[in-house]
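Worksheet: the structure to be examined is printed underneath.
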Amino acid sequence: MNNEKIKESGLKEIAKIGLENEKISRWRTRLLDYKFNDAYPDDKYVWLTNVLALKGVNSGNFGVGCILVDVYGNVVVQGHNEVFHPYFRSDRHAEMVVMDEFEDIQLDISKIQFTLYTSLESCPMCFVRLITSGVNKVLYASPDMTGGMVREKKNLPQFWLDLYEGKVFSQARCSQELINAANEIFHLNVDELIKKIKNIHAMKKRS
Ligand SMILES: [Zn+2]
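Here it is in structure tokens:
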């Protein structure tokens with residue numbers, strides 16, 4: 002997929018992001034104005050994950066976006082975190098949303114190589130899911146210093162370490178601007194949403 006097609010696809014998503022919230026609106030403009038830096042091979046894909054991450058924040062979800070790209074560079078599936086909306090689903094991280102849709106299409110993953118791009122380093126749940134799925138390359142924009150599993154993979158039980166063998170999980174090659182954007186978009190509402198999850202748990206304890 003060439004730069005124009007990726008841009009077009011991202012612009013369609015940006016058009017769905019509202020202008021009511023000032024912080025979101027500012028990021029919307031920054032992403033709209035961003036020019037792909039072709040010195041970095043993953044730049045355009047990471048930009049698209051950032052657009053999707055912002056769409057996630059705009060819908061009241063965590064700000065993480067994700068796409069699955071085939072060996073020809075085509076974006077096969079795209080999505081963002083959906084933990085809170087349309088309804089509370091604790092497993093609907095961006096990677097899960099994309100992999101659920103991908104596996105429902107039933108493309109033969111053994112015949113085509115796929116790369117999954119995510120705006121934020123995967124958590125333990127998604128890391129194990131992705132290992133199991135057979136996607137052999139996962140590239141993330143921003144490291145997640147508090148919840149990321151890629152740096153912690155040596156602590157996995159041996160079974161998962163064996164399954165991980167031959168797979169690549171690493172940081173995408175994109176501009177520093179996009180890495181910062183991924184991190185900052187995630188932090189737009191993360192504290193507020195973690196409080197929301199803790200409140201749900203506290204309410205369950207009381208009932
Ligand atoms: Zn996750």
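Numbering (our numbering), first residue to last: 2 to 208.
Cβ atoms here follow ideal geometry from the backbone N, Cα and C, with glycine treated the same way.
- Secondary structure at glycine 80: strand, using DSSP grouped into helix, strand and coil.
- Per DSSP, the beta bridge partners of serine 171 are Leu140.
- Beta bridge pairing from DSSP links glycine 66 with His81.
- Aspartate 39 and isoleucine 15 have their alpha carbons spaced roughly 21 Å apart.
- With a cutoff of 7 Å on beta-carbon distance, alanine 142 and alanine 95 are scored as not near each other.
- Isoleucine 18 and asparagine 59 have their C-alpha atoms spaced approximately 6 Å apart.
- Closest by C-alpha distance to glycine 66, out of Lys56, Pro125, Cys127, is Lys56.
- Among the bridge pairs identified by DSSP, phenylalanine 115 is matched with Asp71.
- The three-state secondary structure of serine 176, taken from DSSP, is coil.
- In this structure, asparagine 62 and histidine 81 form a Cβ contact; the two beta carbons are roughly 7 Å apart against a cut-off of 8 Å.
- Along the length of the segment 12-72, whole beta strand (DSSP E) runs at least 3 residues long occupy 66-71, reported in chain order.
- DSSP lists Ser143 as the bridge partner or partners of leucine 121.
- CA-to-CA, the gap between asparagine 3 and methionine 204 works out to about 49 Å.
- At least one heavy atom of ligand 1 sits closer than 6 Å to the Cβ of histidine 94.
- In this structure, the alpha-carbon of arginine 27 lies about 16 Å from that of glycine 11.
- Residues Arg174, Cys175, Ser176 of the same chain have their beta carbon placed closer than 7 Å to that of tyrosine 41, with the five preceding and five following residues left out of the count.
- A check of alpha carbon separations from serine 111 across Asp101, Leu117, Ser134, Leu20 identifies Ser134 as the nearest.
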